[in-house]
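In full-length UniProt numbering, the protein residues as written are 1 to 139. One structure below.
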């Protein structure tokens, strides 16, 4: 699977299976499959299932912290007048990395696992309930 091209599929079963395979690969290598340091950079977010993320969502991650941003690529290059930024912190957990949103959005948590192709498979949760699957690829 290419890190830049992906066809979303309906239903979450296929993503549940990919999530479990990513954990198994990490255990076989005897190293964490999701390492916070590997996430430093800018990431394009692709919706796989659920209502979000919407088009033009991307994440910027540096040194264990980051922001989710919404801006079209052209606006990004010119410096947008208004670009919502939702801050989060990263936390290494058993088998995955959690993106824990700060402030009034602290009930939102994204969970990530590294896939074989270098992309990250994510599941979005609100108050502990999964509502979407997404994928992050280098921007």
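Yeah, the Cβ is synthetic: ideal placement off N, Cα and C, and Gly gets one too.
Between residue i and residue j, what straight-line distance do the alpha-carbon atoms span, to the nearest angstrom?
i           : j           : result
residue 16  : residue 123 : 9 Å
residue 43  : residue 138 : 5 Å
residue 94  : residue 71  : 32 Å
residue 127 : residue 18  : 23 Å
residue 36  : residue 23  : 15 Å
residue 116 : residue 105 : 31 Å
residue 125 : residue 62  : 22 Å
residue 118 : residue 87  : 24 Å
residue 133 : residue 20  : 14 Å
residue 56  : residue 45  : 8 Å
residue 111 : residue 99  : 6 Å
residue 121 : residue 114 : 6 Å
residue 47  : residue 54  : 7 Å
residue 97  : residue 130 : 15 Å
Would you call residue i buried or exposed, if buried means 16 or more other Cβ atoms sit within 10 Å of its Cβ?
i           : result
residue 141 : A question about residue 141 goes unanswered here, because the residues of the chain that appear run from 1 up to 139.
residue 135 : buried
residue 109 : buried
residue 179 : Since the first residue of the chain shown is 1 and the last is 139, residue 179 is not available in this structure.
residue 52  : exposed
Could you name the residues of the same chain whose beta carbon sits closer than 6 Å to that of residue i, not counting the 5 residues immediately before and after it, in chain order?
i          : result
residue 69 : 58, 83, 85
residue 39 : 61
residue 92 : 36
residue 89 : 65, 100
Any beta carbon from chain B within less than 9 Å of residue i's own beta carbon?
i           : result
residue 129 : This model lacks chain B altogether, as it is built from one protein chain only.
To which residues of the same chain is residue i closer than 7 Å at the C-beta, ignoring the five residues directly before and after it?
i           : result
residue 107 : 126, 127
residue 12  : 49, 133
Tell me which same chain residues have a C-beta within less than 8 Å of the C-beta of residue i, skipping the five on either side of it?
i         : result
residue 2 : Legend: pLDDT at residue 2 = 46, less than 50; position of this residue unreliable, value from coordinates given subsequently. So the list reads 117, once near-sequence residues are dropped.
For residue i, list the residues DSSP reports as bridge partners.
i           : result
residue 138 : 43
residue 58  : 44, 69
Item to check | Inside the region 73-136 only - beta strand (DSSP E) runs reaching at least 3 residues | outcome: 85-93, 96-101, 108-114, 120-126
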